[in-house]
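Heads up: take any position in the sequence shown, counting from 1, add 458, and you land on my numbering. Below is one structure, written out as structure tokens, with a few remarks after it.
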Amino acid sequence: MPAKKYHVKLTEQERRELTDLVSKGSSAARKQIHARILLLSDENHADGSKKDAEVIDALGTSIRSVERVRQRFVEEGLESAINPKPKTRHRPKKLDGAAEAFLIATTCSLPPEGRSEWTLKLLADRLIECDITDSISCETVRTTLKKMNLNPG
459 MPAKKYHVKL
469 TEQERRELTD
479 LVSKGSSAAR
489 KQIHARILLL
499 SDENHADGSK
509 KDAEVIDALG
519 TSIRSVERVR
529 QRFVEEGLES
539 AINPKPKTRH
549 RPKKLDGAAE
559 AFLIATTCSL
569 PPEGRSEWTL
579 KLLADRLIEC
589 DITDSISCET
599 VRTTLKKMNL
609 NPG
């Protein structure tokens, strides 16, 4: 394993805070693991820091997780290292209200000739064919219908 690039040196206050968090056990599992990573990686501890391999074995996590938590602690501080980053990625919905209405109307209509019922693939193809959307997955069609309590079958 490569040499540690980010060295964790906890203050007494930070160590106390992390120890309390771990001992209560009422926080999210991810937060608990990150707190334990920091406690085991602390170079100011009387026993010194554990090697990455020891931390990984003790917590059943990956080397990348250990490195990432240490890096976030050094660069951004304790709170950032133990709390999840807010989601910044937002995808716009593929189907707006009018498109959903078209999908529902299509689902409730007669299936194409030679078919006994609509399939998700047929519905997705119909949305593309009618220029409702450029592309759409069967899963998006399924979740939209599920949200409306509809079943094409």
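Glycine included, C-beta positions come from ideal geometry on N, C-alpha and C.
Please classify Ser499 as buried or exposed, where buried requires at least 16 neighbouring CB atoms within 10 angstroms. Taking the sequence shown and counting its residues from 1, one reaches residue 499 at position 41. Buried is the label assigned to Ser499, since at least 16 other Cβ atoms lie within 10 Å of its Cβ.
Find the nearest neighbour of Pro550 within the set Ile594, Thr565, Glu587, judged by alpha-carbon distance. By 1-based counting over the sequence shown, the position of residue 550 is 92. Among Ile594, Thr565, Glu587, the Cα nearest to that of Pro550 is on Ile594.
Give the single residue among Cys588, His492, Ala563 whose Cα lies nearest to the Cα of Thr602. Within the sequence shown, residue 602 is the residue found at index 144, counting from 1. Of the listed residues, the one whose Cα sits closest to Thr602 is Ala563.
Measure the alpha-carbon distance for Pro570 versus Asp583 and round it to whole angstroms. Counting from 1 along the sequence shown, the entry for residue 570 is found at position 112. Counting from 1 along the sequence shown, the entry for residue 583 is found at position 125. In this structure, the straight-line span from the alpha carbon of Pro570 to that of Asp583 is close to 12 Å.
Report all residues from its chain with a CB closer than 7 Å to the CB of His492; omit the five preceding and five following residues, and keep chain order. Here the question's residue 492 lines up with position 34 in the sequence shown. Same-chain partners within the cutoff: Val527, Ala539, Ile540.
Is it true that the stretch 570 to 579 meets the stretch 541 to 548, where meeting means three or more beta-carbon pairs spaced less than 8 Å apart? Too few Cβ pairs lie closer than 8 Å, so no.
Apart from the five residues just before and just after Asn607, which ones in its own chain have a Cβ nearer than 8 Å to its Cβ? Within the sequence shown, residue 607 is the residue found at index 149, counting from 1. Contacts found: none.
Exposed unless 16 or more other CB atoms sit within 10 angstroms - verdict on Asp510: For this step, residue 510 is matched to residue 52 along the sequence shown. The residue in question, Asp510, is buried, as its Cβ has 16 or more Cβ neighbours within 10 Å.
Can you tell me whether Lys604 is buried or exposed? The criterion is at least 16 other CB atoms within 10 Å of its CB, across all chains shown. Within the sequence shown, the letter at position 146 stands for residue 604. So Lys604 ends up on the exposed side.
Quick one: what does DSSP say Asp589 is sitting in, helix, strand or coil? Residue mapping note: residue 589 aligns to position 131 of the sequence shown, counting from 1. DSSP, reduced to helix, strand and coil, places Asp589 outside both helices and strands of the structure shown, so it counts as coil.
Shortest alpha-carbon distance to Cys596 belongs to which of Thr469, Glu512, Thr577? Working through the sequence shown from its first residue, we reach residue 596 at position 138. Considering only alpha carbons, the answer is Thr577.
Taking the straight line between their C-alpha atoms, what separation do you get for Val532 and Lys552? Walking along the sequence shown from the start, residue 532 turns up at place 74. Walking along the sequence shown from the start, residue 552 turns up at place 94. Here the C-alpha atom of Val532 lies approximately 40 Å from the C-alpha atom of Lys552.
Do Glu472 and Leu536 have their CB atoms nearer than 7 Å? For this step, residue 472 is matched to residue 14 along the sequence shown. For this step, residue 536 is matched to residue 78 along the sequence shown. Leu536 sits close to Glu472, with the two beta carbons spaced by under 7 Å.
Less than 7 Å between the beta carbons of Leu581 and Val599, yes or no? Against the sequence shown, residue 581 aligns to sequence position 123. Against the sequence shown, residue 599 aligns to sequence position 141. Yes, the pair counts as a contact, with Cβ atoms nearer than the cut-off.
For Asp505, the three-state DSSP class (helix, strand or coil): Counted from its first residue, the sequence shown places residue 505 at position 47. In the three-state reduction of the DSSP assignment, Asp505 falls in the coil class.
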